[in-house]
Amino acid sequence: MTLLFAVSVGVLFAAGAYMLMRRSIVKLVIGLSLLGHAANLLIYAAARPLKGRAPLIEPGQTVPPPPFSDPLPAALVLTAIVIGFSIVAYTIVLLKRAFQEVGTDDLTAYTSTER
Amino acid sequence: MLVTLPVVLPMLAAAICIAAWGRPRLHAAVAVIASAVCFALAVALLFHVRANGIQSVDMGGWSAPFGITLVADLLGAIMLVLGTGMGLAACIYSTAAADLGRVTFGHYPLMLCLNAAISGSFLAGDLFNLYVWFELMLLSSFVLLTLGGERAQIEGAIKYVTLNLLSSVLFLSTVGLVYATTGSLNMADLAIQLDAIEDPAFTTAIGLPLLVAFSIKAAVFPVFFWLPSSYHTPPPVVSALFAGLLTKVGVYAIIRATTLMFDQEWALLADGILLIAGLTMVSGVFGAIVQNDMRRILSFHIVSQIGYMLMGLGIALEVLQSAEDPAAAAPQAAVIALGGAIFYIIHHIIAKTNLFLAAGAVHKLTGTCDLKAVSGLSRTHPILAGLFLISALALAGIPILSGFWAKLALVRGGLEAETHGIVAVSLVVSIMTLYSMAKIWVNVFWGEPTHPDRDALPRLGPAILGPMAALAIANILIGVGAAPVYDLAEATALQLFDQQEYIEAVLGEQALDAATEPNEPAGQTP
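One line per chain: the protein sequences are X and P, in this order.
Each residue of the first sequence is one higher than the one before, starting from 747 at the first, in our numbering.
Each residue of the second sequence is one higher than the one before, starting from 5 at the first, in our numbering.
Here it is, written out as structure tokens:
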């Protein structure tokens with residue numbers, strides 16, 4: 747299963763990078779959110795979630811019975827998802843404004859700040 | 005208390021502003037007071053850390069390395085003083101320079117959030133926590149950058165947003181890889197755990213995306229181009245705050261990660277870092293030469309000067325790498341070079357912010373920052389011209405002013421380490437910086453006044469000239485009284501090389517005893 751995670755992360759990174767290099771601003775935001783998902787999945791895989799049980803401590807014990815999964819990456823990923831969500835929301839609004847101002851979704855026309 | 009307040013206070017002030025939405029005067033008052041208190045607290049913290057060593061606070065009673073830890077060492081405290089100081093200058097300047105529409109849509113709460121996030125980054129003792137502060141910093145800066153919604157702002161923001169998000173993704177991926185390897189994210193704990201891993205190629209591979217991520221934030225060659233295409237688009241006070249602080253957070257993160265976590269790994273890259281430092285200096289300064297807009301010239305010079313900071317770090321790594329006994333105390337040349345880099349950061353943040361504020365004043369007077377459209381301002385506004393000149397000369401490294409000593413320390417470190425190539429490059433770039441500053445001076449401040457009637461121009465009040473004067477005086481004071489500042493920078497460098505002090509402050513003394521025995525990576529699940 748780790749292999750499945752690894753392949754998914756790789757495919758997400760590749761797809762995200764590919765979308766970033768397209769000329770359309772809509773594909774840009776899709777690329778950014780794919781890359782975000784790739785990073786989230788990578789952290790989640792760090793917990794080895796499929797090899798152990800939920801880390802619930804039995805009454806009278808101080809540690810959960812092995813094998814258990816590490817719960818911390820799930821918490822990290824939740825934080826990262828919330829941040830990623832707000833950033834994608836901001837980016838979509840930004841791109842809508844950009845489309846209104848420039849009148850095209852072609853990134854090669856976005857050169858007025860380079861002159 | 006002293007460690008947490010610089011982060012909590014601006015957040016609280018921002019919340020008050022949001023509760024009092026639509027009352028711009030109250031926003032301004034709250035922002036100025038909160039920033040002033042934060043600055044005072046940061047100065048107090050710096051003295052406290054200098055006297056009593058590294059301070060560490062475990063949030064919520066979860067002891068390190070399990071909970072979130074805020075750590076203030078000398079580097080963090082110095083950066084905190086500079087960050088809150090520039091925040092205060094920008095808030096005061098905003099009271100005269102930010103237009104009402106902007107303030108109504110939350111200019112001050114955003115500035116406060118940005119300041120809280122910057123302070124948080126300097127105090128974070130945990131890799132994931134650092135990521136969260138970076139994101140908060142990015143989001144506040146995104147909105148500050150685009151507030152107003154002009155075409156140039158939007159276009160600049162797209163480049164800024166895309167590149168910085170790419171950097172965040174790399175950072176987050178590294179967090180995942182580091183956690184999977186060591187089961188820890190606390191930086192002090194990582195310093196122990198990563199050293200325990202035998203295979204340097206493995207840890208280098210994990211650390212490299214982190215170096216790239218921080219390099220994007222710091223606008224290092226070849227990933228700097230988002231900076232000159234976005235920093236001249238927002239209102240001048242916002243670009244001043246960005247120019248002074250944001251890239252330096254990236255540099256801070258590089259220094260922190262290099263000296264604490266990936267010390268042996270990145271020392272292998274010393275030659276590469278020096279090469280990149282040289283290319284960053286040269287590409288920034290060449291980019292500036294062809295520009296004809298005050299803020300664009302200054303933006304390219306940010307890139308160029310990031311190179312100097314990396315140069316100090318690169319020389320230090322080079323020395324450490326060739327040192328015969330890696331466990332012994334850091335060699336003198338390494339301390340001089342890293343101390344020089346820290347001195348340079350102190351000087352650069354002050355001078356750069358002031359130059360952007362001066363560009364803002366010129367913009368307020370004439371409505372443009374174009375060198376060809378303005379001239380002769382020194383006749384009508386001698387004080388503004390003088391304040392600009394002080395920081396411009398400091399930036400170029402003219403003796404007596406702060407930049408001279410910063411560059412002197414870097415060059416001395418470079419000569420002692422026998423890295424002659426980078427020293428030569430830095431000196432040539434220095435002359436070209438002087439050329440750019442002279443170009444702005446000759447075009448904007450000398451010559452026949454294009455706006456001869458002083459009374460017809462907007463008045464520059466004390467809210468604009470006051471912060472600028474304070475920063476210019478700081479440039480002079482650091483130059484004239486360079487010795488105590490340099491001692492502080494050198495003490496900071498020594499503290500950075502001595503990881504034990506940081507680890508003991510965060511984890512307690514028993515952590516080091518445990519680390520000397522063969523240890524199992526903690527938190528690793530079976």
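Think of the CB as a built atom: it goes at the ideal place given N, C-alpha and C, for glycine as much as any other residue.
In this structure, DSSP gives Ser770 of chain X an extended state, which the three-state scheme calls strand.
Closer than 7 angstroms at the C-beta level to chain X, one finds no residue of the segment 193-206 of chain P. Against chain X, a Cβ distance below 9 angstroms from Ile162 of chain P picks out Ile771, Leu774, Thr837, Leu840, Leu841, Ala844, Leu853 and Tyr856.
Nearest Cα to Leu79 of chain P within the set P:Ser144, P:Ile220, P:Gly129 and P:Leu431: P:Gly129. Bounds of any alpha helix (DSSP H) do not take in Val75 of chain P; it lies within the beta strand (DSSP E) bounded by Thr73 to Ala76.
Within 7 angstroms of the CB of Phe109 of chain P, no CB atom of chain X is found; the nearest one sits about 14 angstroms away. Out of X:Asp851, X:Arg843, X:Ala763 and X:His783, the CA that lies nearest to the CA of Ile158 of chain P is found in X:Arg843. Within the segment 145-206 of chain P, the complete alpha helix (DSSP H) runs of at least 4 residues fall at 155-186 and 191-200.
DSSP, read as helix, strand or coil, puts Ala467 of chain P in helix. Using a Cβ-Cβ cut-off of 9 angstroms, Ala101 of chain P is close to nothing in chain X; its nearest Cβ partner there is about 21 angstroms away.
Straight across, the Cα-Cα distance linking Tyr439 of chain P with Leu86 of chain P is about 27 angstroms.
The segment 139-156 of chain P makes no contact with the segment 278-296 of chain P; the number of CB pairs closer than 8 angstroms stays below 3. Residue pairing by DSSP puts Gln59 of chain P in a beta bridge opposite P:Ala76. Around Leu342 of chain P, the same chain offers Gly316, Leu317, Ala320, Ala497 and Leu500 as residues with beta carbons nearer than 7 angstroms, after the five sequence neighbours per side are excluded.
At a cut-off of 9 angstroms between beta carbons, Gly762 of chain X contacts chain P. Judged by beta-carbon spacing, Ser125 of chain P lies within the 9 angstroms limit of Leu134 of chain P, meaning their Cβ atoms are closer than that value.
In the same chain as Glu494 of chain P, and ignoring 5 residues on each side of it, the C-beta atoms closer than 7 angstroms to its own belong to Val339 and Gly343, in chain order. For Leu788 of chain X and Glu860 of chain X, the gap between their C-alpha atoms comes out near 36 angstroms. Those residues of the segment 469-485 of chain P placed with their C-beta closer than 8 angstroms to a C-beta in chain X do not exist. Distance between Phe360 of chain P and Ile468 of chain P, taken at the CA atoms: about 12 angstroms. Distance from the CA of Thr808 of chain X to the CA of Pro801 of chain X, rounded to the nearest whole angstrom, comes to 11 angstroms.
A distance below 9 angstroms separates the beta carbons of Met313 of chain P and Lys252 of chain P.
If you draw a straight line from the Cα of Ile829 of chain X to the Cα of Ala156 of chain P, it comes to about 26 angstroms. Counting C-beta pairs closer than 8 angstroms gives fewer than three between the segment 844-853 of chain X and the segment 85-101 of chain P, which falls short of the contact rule. The residue among P:Leu375, P:Ile196 and P:Ala44 with its C-alpha nearest the C-alpha of Leu13 of chain P is P:Ala44. With respect to Asn296 of chain P, Leu375 of chain P sits close: the two C-beta atoms are nearer than 9 angstroms. Residue range His424 to Ile444 is occupied by the alpha helix (DSSP H) that includes Tyr439 of chain P. Val289 of chain P is a Cβ neighbour of Ser308 of chain P, given a cutoff of 9 angstroms.
Under the 10 Å beta carbon count, Trp409 of chain P is surrounded by 16 or more other beta carbons and is classified as buried. Rounded to the nearest whole angstrom, the C-alpha separation of Ser754 of chain X and Ser779 of chain X is 15 angstroms. Our two residues, Val107 of chain P and Gly153 of chain P, have alpha carbons roughly 14 angstroms apart in a direct line. At a cut-off of 9 angstroms between C-beta atoms, Gly782 of chain X counts as an interface residue with respect to chain P.
Per DSSP, Glu860 of chain X lies in no alpha helix (DSSP H) segment and is marked neither H nor E. Interface flag for Leu381 of chain P against chain X is unset, since no Cβ pair is found closer than 9 angstroms. The C-beta of Phe146 of chain P comes closer than 9 angstroms to at least one C-beta of chain X. Taking all protein chains shown into account, Glu269 of chain P has 16 or more neighbouring C-beta atoms within 10 Å of its C-beta and is therefore buried.
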